[in-house]
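A short worksheet on the structure shown next.
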Amino acid sequence: MSLDELIKQATSGEIPTGAMGGGGIIALLIALKMAKGFFKIIFILAALALLAGAAWWHFHKH
């Protein structure tokens, strides 16, 4: 398998969606359980950005 085929396979499926969605859920859990004050806002915004990116990737790549 060449590098081009590997890149196409990794970006065409659900791998990026799962990674961004998983990262968003983890960031949201960190924000809700451990972060306080300003960092809570930052983690919530990061989680929302990751989840929005996952939704965009899922609906626009297919």
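Using the working numbering, read the sequence shown as starting at 206 and increasing by one per residue. Beta carbons are placed, not taken as given, at the ideal position from N, Cα and C, and that holds for glycine.
Asked                                                                                                                                                              : Found
Report back the beta-carbon spacing between Gly228 and Leu253 to the nearest angstrom; my notes put them in contact at under 8 Å.                                  : In fact, because the Cβ distance is near 12 Å, the residues do not count as touching under 8 Å.
Any idea if Met239 is buried or exposed, counting beta-carbon neighbours within 10 angstroms, 16 or more meaning buried?                                           : exposed
Nearest to Ala259 by CA position, among Ile212, Lys213, Leu233 and Met225, is which residue?                                                                       : Met225
Am I right that Pro221 and Trp262 are in contact with their C-beta atoms under 8 Å? What's the rounded C-beta distance?                                            : 5 Å
So, for Glu210: in the same chain, excluding its five sequence neighbours on each side, which residues have a beta-carbon less than 7 Å away from its beta-carbon? : none
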